[in-house]
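J.:
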Amino acid sequence: NACLKCDRFLGAIRQYLCLSLLRNSASTLMIVFQLSCSIFISLVSRFRAGLKAEIGVFFPMIVLRVLENVAQPNFQQKMIVLRFMEKLSVTSQILVDIFINYDCDVHSPNIFE
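Just so we're aligned, residue 1 is where the sequence shown starts under full-length UniProt numbering, counting upward by one.
Listed below in structure tokens is the structure:
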């Protein structure tokens with residue numbers, strides 16, 4: 001059954017990939033941070049419907065944490081995150097989905113607000 005395989009795959013993503021992403025998203029090594037952002041782009045682009053809770057956690061950790069950090073600005077990280085946002089912006093449906101599923105949902109964190 002394709003749905004069962006999809007559920008197993010999403011379970012594996014949650015169990016292994018998200019844990020690794022959580023650990024590596026705060027890395028000061030640019031290559032590790034960049035790879036974490038690339039993985040996150042793939043998750044948002046391809047699996048946002050099945051990973052709503054995880055994306056709600058990672059978006060502020062990866063995107064907002066870097067962009068709002070004025071105490072210790074890291075230009076390279078900010079550029080990586082801005083390129084990430086640029087890639088997401090290419091597909092307007094992704095932006096609409098994020099807004100509707102987070103900012104318009106009272107039980108989810110606001111991402112764009």
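Heads up, the beta-carbon is just placed ideally off N, CA and C, and yes, glycines get one too.
Span of the alpha helix (DSSP H) holding GLN93?
T.: Along the sequence shown, read from residue 1 onward, the residue named residue 93 stands at position 93. That run of the alpha helix (DSSP H) goes 92 to 98.
J.: Measuring CA to CA, which of LEU10, LEU67, ASN74, PHE58 is closest to THR28?
T.: Numbered from 1 along the sequence shown, position 28 holds the residue referred to as residue 28. That would be ASN74, whose Cα lies nearest to the Cα of THR28.
J.: Mind checking whether the beta-carbon of ASN24 lies closer than 7 Å to any heavy atom of the ligand MN?
T.: In terms of ligand content, the structure shown is empty, and the ligand MN therefore cannot be addressed.
J.: Hey, would you say PHE33 sits closer than 8 Å to GLN77, going by beta carbons?
T.: To locate residue 33, count along the sequence shown from 1; it is residue 33. To locate residue 77, count along the sequence shown from 1; it is residue 77. Result yes, Cβ atoms of PHE33 and GLN77 sit closer than 8 Å.
J.: Can you tell me the Cα-Cα spacing of VAL106 and PHE99, whole angstroms?
T.: Taking the sequence shown and counting its residues from 1, the one referred to as residue 106 is at position 106. Taking the sequence shown and counting its residues from 1, the one referred to as residue 99 is at position 99. Approximately 12 Å, taken between the alpha carbons.
J.: For GLY56, report the span of its alpha helix (DSSP H) as first-last.
T.: Here the question's residue 56 lines up with position 56 in the sequence shown. Taken as a continuous stretch (DSSP letters only), the alpha helix (DSSP H) holding GLY56 covers 52 to 58.
J.: Tell whether a beta-carbon distance below 8 Å holds between PHE47 and LEU21.
T.: Working through the sequence shown from its first residue, we reach residue 47 at position 47. Working through the sequence shown from its first residue, we reach residue 21 at position 21. Contact flag unset, no.
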